[in-house]
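K.L.:
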Amino acid sequence: MAYRSILVPLEESEILSYVLATALVFAKRYDSYIEGLCIRPTLAGAVAVGFEGGAAALSGTEEQFEQEQRARADRLREQFEAFIAQNDIPTPQSGQNKLCADWVEDEASGIGIFGQRARVFDLTVVGRPMPGAMTPAMNTLETVLFESGRPVLIAPPSVPQDIGQHIVVAWNGGTETARAIAFAKPLMREAGKITVLAVEGGMVPGPTAEEVRMNLARDDVQVDVCELSGRRSAAEAGRLILSEARALEGDLLIKGGYTQSRLRQMIFGGATSEILAHAEIPVLMAH
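When the letters of the sequence shown are read in order and numbered with my numbering, they come out as residues 309 to 595.
1. Going by C-alpha to C-alpha distance, which of Cys346, Val476 and Ser456 sits closest to Leu556?
2. At what residues does the beta strand (DSSP E) containing Leu536 begin and finish?
3. Would you mind sorting Arg458 into buried or exposed? The rule is 16 or more other CB atoms within 10 Å of its CB.
4. If you follow the beta strand (DSSP E) that Lys501 is part of, which residue opens it and which one closes it?
5. Would the region 495-508 and the region 470-485 be scored as touching if the rule is three or more Cβ pairs under 8 angstroms?
6. Check whether the region 437-449 and the region 406-413 are in contact - that is, three or more C-beta pairs closer than 8 angstroms.
7. Short check: CB of Gly546 to CB of Gly514, under 8 angstroms?
8. State the DSSP-derived secondary structure class of Val460, mapped to helix, strand or coil.
9. Going by DSSP, what residue range makes up the beta strand (DSSP E) through Met593?
10. So which of Ala543, Glu518 and Leu550 has the shortest CA-CA distance to Glu535?
11. From Ile314 to Glu588, what does the alpha carbon distance come to, in whole angstroms?
12. Quick check: the region 383-395 against the region 312-332, are there 3 or more CB pairs under 8 angstroms?
As structure tokens, then:
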């Protein structure tokens, strides 16, 4: 298995160029097809599902809303086509199995189409949500994570030079992280090194980090275990995962998404929320 098809949900943000660059690292490695998907919402649908800008559009007319969305789509297309041109990426040809990219535009009631479309892609790349006026939307990331059944790669606010030479697995014993590991196997088999990181305070009942190491080592890859003891909250565990991944000089973090419920993490904090807010390296997640 390899990541031969990559979906990039297109939304205006300050780090869209980094998202596309991150997708390209994988696409060059696996000769992938990159699809840039742009959604143009209808006014009624946007208001109904809370699409960004939909509520504000209530004060205007449907025609004004459509003009604004058309202009937004045109800006996104211009940026996507510039990315294709700058990197000499060809458009798809019949029978072609080499690196290529294409623009797809769809009118839809909301961002649910991102999660639906992602179900037929090997990987979806989204930007890390960040505070600011034009940043990736958290609901885009969560829609793809929860609705696709496929892995999601979260791009940091920088251009990675490489991804997967030293992979850090944030092991917590849970189903979600086990699924993320399964999706990451193509990368793990090519990695120079893997570190299985287990942080006390962020664990649930399940296999130990040593058991994970034994399983991954069967692919003839160097695998180490790092276990950090001490009582701490889940949010503190998330911060420690990031600091330890940085100290280990990891270039990719594998993490299950929302072992605790989203509502609980919103109220009390959690490892996933902390990582989504502060990760400076790419994060491969699955739920």
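Ideal Cβ placement from N, Cα and C applies to all residues, glycine included.
This structure is a prediction, so every number in the text was calculated from the model and none was measured.
P.N.:
Checking against the coordinates, here is how it stands:
1. Out of Cys346, Val476 and Ser456, Val476 has the C-alpha closest to the C-alpha of Leu556.
2. Unbroken beta strand (DSSP E) run through Leu536: Val531 to Leu536.
3. buried
4. Lys501 to Val507
5. yes
6. no
7. no
8. strand
9. For Met593, the enclosing beta strand (DSSP E) begins and ends at Val591 to Ala594.
10. Nearest to Glu535 by alpha-carbon distance, out of Ala543, Glu518 and Leu550, is Glu518.
11. Roughly 21 angstroms separates the two Cα atoms.
12. Yes: at least three Cβ pairs fall under 8 angstroms.
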